[in-house]
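Have a look at the structure below, then the notes.
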Amino acid sequence: MAKTLTPPEALHRAAALCSSSEHCIDDIRQKLTRWGIGTTDTQTIIERLVHERFIDEERYAIAFVRDKFRFAGWGRIKMSYALQQKRIPGHLIAHALSHIDNELYTTRLTDLLQEKSRSITDENPETRRAKLFRFAASRGFESDLIFKAIKEILP
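Its first residue numbered 1, the sequence shown is counted upward by one per residue in the numbering used here.
Pasting the structure below:
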């Protein structure tokens, strides 16, 4: 068990953490709890971090969406659920998701499916379609886009 921090130490550590990368309120609240900070002090620290713009949930949501799309190949549905779990407000999630270019999004889905298609050994077209659909759905892409992309890949 790590040493319990005092509220000023926790504020300093949380500010340093937020300076190096984006964090949401929920992430910081969990860290403060692990560091042994009480509820009242946690709320005070979070309010100060938000006021001083160390934490900005809109900025966090936009960075999260950008990174998950670019590096993990996630679709809008999966990103939306992940942000909801972090207690990001719905309007901020919608705003962050609107930053994804639709053409780039469709291209990314098609590229992912083509790559996956090369690894499927089953020759049955229906089985291939089902496997591709499940793969793309597990990545959080929308059904209608998946069906269109599969039609392009498997005539």
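We put the CB at the ideal spot given by N, CA and C, even for glycine. The structure displayed is predicted, hence computed values, not measured ones.
A Cβ-Cβ distance of about 6 Å is found for the pair Pro-7 and Ile-37, placing them in contact under the 8 Å criterion.
Judged by beta-carbon spacing, Ala-61 lies within the 8 Å limit of Ile-88, meaning their Cβ atoms are closer than that value. Less than 8 Å separates the beta-carbon of Gln-114 from that of Ile-153. According to the DSSP assignment, Ala-96 belongs to the alpha helix (DSSP H) that extends over 90-97. Asp-56 and Asp-122 have their C-alpha atoms some 47 Å from each other. When Cβ pairs closer than 8 Å are counted between the two stretches, the stretch 81-98 is seen not to touch the stretch 37-56, the count staying below three.
Per the coordinates, the alpha-carbon of Ile-120 lies some 13 Å from the alpha-carbon of Arg-134. With contacts defined by Cβ atoms closer than 8 Å, Trp-35 and Leu-11 do not form a contacting pair. In this structure, the beta-carbon distance from Ser-117 to Leu-132 falls below 8 Å.
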